[in-house]
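Residue numbers (the working numbering), protein chains in the order written: chain F, 1 to 169; chain L, 170 to 338; chain H, 339 to 507. Think of the CB as a built atom: it goes at the ideal place given N, C-alpha and C, for glycine as much as any other residue. Here the structure is a predicted model, which is why all the values come from computation and not from measurement.
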Amino acid sequence: MRWLTIALLLAATPALAATPEERLAAAGYELPAPTKPVATYVTYVETGNLLFLSGHGECGETLKKGKVGGNLTIEDGAKSAERTGLCILATMKAALGDLSRVKRFVRVDGLVNSTPDFTEHPKVINGFSNLMKLAFGDDGLAARAAYGAGSLPFDFPVEIIVVVEIKPR
Amino acid sequence: MRWLTIALLLAATPALAATPEERLAAAGYELPAPTKPVATYVTYVETGNLLFLSGHGECGETLKKGKVGGNLTIEDGAKSAERTGLCILATMKAALGDLSRVKRFVRVDGLVNSTPDFTEHPKVINGFSNLMKLAFGDDGLAARAAYGAGSLPFDFPVEIIVVVEIKPR
Amino acid sequence: MRWLTIALLLAATPALAATPEERLAAAGYELPAPTKPVATYVTYVETGNLLFLSGHGECGETLKKGKVGGNLTIEDGAKSAERTGLCILATMKAALGDLSRVKRFVRVDGLVNSTPDFTEHPKVINGFSNLMKLAFGDDGLAARAAYGAGSLPFDFPVEIIVVVEIKPR
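Take a look at the structure:
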């Protein structure tokens, strides 16, 4: 039976070794073109083993603009957070070459454009965090803060700011 | 008189060497059980010499929920900031084993759930910072930013995000 | 013609080698006295190769207080962001001795005290970023996030939080 064990191990290896890019593609996600700065800044800065990203909203057209708890539901917000995650992954890939260079997520600030009485920010930002868990496993979990912004650029439903630790080149 | 000098020095030493835990206990503070993540994240990430914590509110029952400048006074907010500080210390202790491994506070974002016309955020967040000064002395002082959130998860009066430098193991 | 080449190179060198302080002065900017903490915190913390600054508003008298999109225009906000930048540079100079010790800007959080329907935060925070580009060139560009605060201390039009990488001493 040794050949069977070996065959099974070989069959399992690609899954174990799947890259974040492969895991995203297998789940049907596609990365957009990386966003360009809309003002006087850059979309990422590498310093030491840390990569700091600029605040991101959805890339391209924003599906639904506005305020969660107002014209948008929690589900609308979570969808925007997921699309913002894809936009962030596109920037990371442009910065790092491939996403396997991410060692782990460090800090995530998830800002929700919400009405003053909104209280379900964690559910909204999970749209982002669940995507990162799918792509990176437990390394996709960050020290996260979710909170309500008074207003956001372009009336984005969410804006997300990320710091990750990267593997040395 | 040399024996007296030595005796006085010995008597003084325990106070000088008191741990943050001892200083907190001497002032009547008790750490709560560390909080568990309510969504897809972790409560802390260690990278290099830095420990990043997730956004924290009060552990357990929130004393008074709502907006500072609205249904809550500055004192209510400062009390919530202090209780949030105890919750953060519980997470730090879980992360580090003992609080003496904190070398110094680096950055604190103190978010106040406030009405649009509120302007006294620093007084609210001092409820947190005064606790850290008591526990860590000048090492408890951070590069701090206090500001108003449009809304906060669970209608917390404050949410606080902390980065500290830690001593190597 | 070799002497001419050398003369031209020598003439060009001061411009190439101009310090941030010289570039600011040449453009007519003057640094204010560094701000003092208004509560229990410090205005900067150095850790490793990073310098973390506290949240800053304008130093001294705030030109115009209030909300961008309300009683203040985008231009008012951008002017406040620029003045906040000068205040931040004063703190950096106090921390580092001279501004040439800044290796590059890493992260900037630009908070705009704005009405709930405001969407032009990047234009406001450019008042800050354009100043940093003037002083530091491309090294003054950060991974930036611009967003709306629900309210700000002292009714500042903007509050800005900065992390820079510094050159080793």
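Start-to-end residues for the beta strand (DSSP E) that takes in residue i
i        : result
L:Lys336 : From DSSP, L:Lys336 is part of no beta strand (DSSP E); its letter is neither H nor E.
L:Glu215 : Tyr213 to Thr216
H:Gly486 : Ala481 to Ala487
L:Leu220 : Leu219 to Leu222
Residue i: first and last residue of the uninterrupted alpha helix (DSSP H) it sits in
i        : result
H:Leu512 : Lying before the first or after the last residue shown, residue 512 of chain H is absent from chain H, which here runs from 339 to 507.
H:Leu427 : Ile412 to Leu434
F:Leu24  : Pro20 to Ala26
Contacting residues, own chain, Cβ-Cβ under 6 Å from residue i (five flanking each side not counted)
i        : result
F:Asp76  : Lys64
H:Arg421 : Glu396
H:Gly408 : Thr453
H:Thr351 : Because the pLDDT at H:Thr351 is just 47, under 50, the model does not fix this residue reliably, and the point stays unresolved.
L:Ala315 : Gly279, His290, Pro291 and Ile294
H:Leu469 : Glu420 and Gly423
F:Asp139 : Arg104
L:His225 : Thr253, Cys256, Ile257 and Ile329
Under 7 Å from the C-beta of residue i: neighbouring residues of chain H
i        : result
L:Pro291 : Val376, Ala377 and Pro491
F:Gly60  : The contacting residues do not exist; F:Gly60 stays about 17 Å from chain H at best.
L:Asn240 : Residues of chain H passing the Cβ test: none, with the nearest at roughly 15 Å.
Beta-carbon contacts of residue i that lie in its chain and below 7 Å, excluding the five residues immediately before and after
i        : result
H:Ser489 : Asn451
L:Val214 : Phe221
F:Pro32  : Cys59, Gly60, Leu86, Cys87 and Ala90
L:Ala187 : none
H:Leu410 : Lys402, Gly404 and Pro495
F:Ala78  : Lys123, Val124, Asn126 and Gly127
H:Gly486 : Val450, Ser452, Phe456 and His459
F:Gly97  : none
F:Arg23  : Leu134 and Ala135
L:Ala311 : Phe274, Val275, Arg276 and Val277
F:Leu10  : Because the pLDDT at F:Leu10 is just 48, under 50, the model does not fix this residue reliably, and the value given afterwards should be weighed accordingly. None.
Where residue i meets chain F, residues with beta-carbon distance less than 7 Å
i        : result
L:Gly197 : Under the 7 Å cutoff, chain F gives no residues; its nearest Cβ is about 29 Å from L:Gly197.
L:Ser223 : Ala143, Arg144 and Ala145
C-beta atoms of residue i and residue j nearer than 7 Å
i        : j        : result
H:Ile498 : H:Phe456 : no
H:Glu503 : H:Arg439 : no
F:Tyr41  : H:Arg445 : no
F:His121 : L:Pro326 : no
L:Pro203 : L:Leu268 : no
H:Ala377 : H:Leu472 : no
F:Val163 : F:Leu50  : yes
Neighbouring residues, chain F, relative to residue i (Cβ below 8 Å)
i        : result
L:Glu328 : Ala145 and Tyr147
L:Leu303 : What L:Leu303 touches in chain F: nothing, since even the nearest Cβ is about 24 Å away.
Those residues which DSSP pairs with residue i across a bridge
i        : result
L:Ser283 : L:Val237
F:Val158 : F:Val112
H:Arg442 : H:Glu503
Proximal residues to residue i (C-beta, below 8 Å), its chain only, five neighbours per side dropped
i        : result
F:Pro37  : Thr43 and Ser54
H:Lys431 : Glu359, Leu369, Pro372 and Leu437
H:Pro506 : Asn387
H:Ile412 : Val406, Glu458, Lys461 and Val462
Listed by chain order, chain H residues near residue i by CB distance under 8 Å
i        : result
F:Thr119 : Near F:Thr119 there are no residues of chain H at all, since even the closest Cβ is about 14 Å away, more than 8 Å.
Residues that residue i contacts on chain L, provided the C-beta gap is smaller than 7 Å
i        : result
H:Val450 : The premise fails here: H:Val450 is roughly 11 Å from chain L at the closest Cβ pair, so nothing lies under 7 Å.
F:Leu141 : Thr209, Tyr210 and Val211
H:Gly488 : Ser283, Pro285, Gly317, Ala318 and Gly319
Closer than 8 Å at the beta carbon, the chain L residues around residue i
i        : result
H:Thr385 : Asn218, Leu219, Arg273, Val275 and Glu334
F:Asn130 : Thr209
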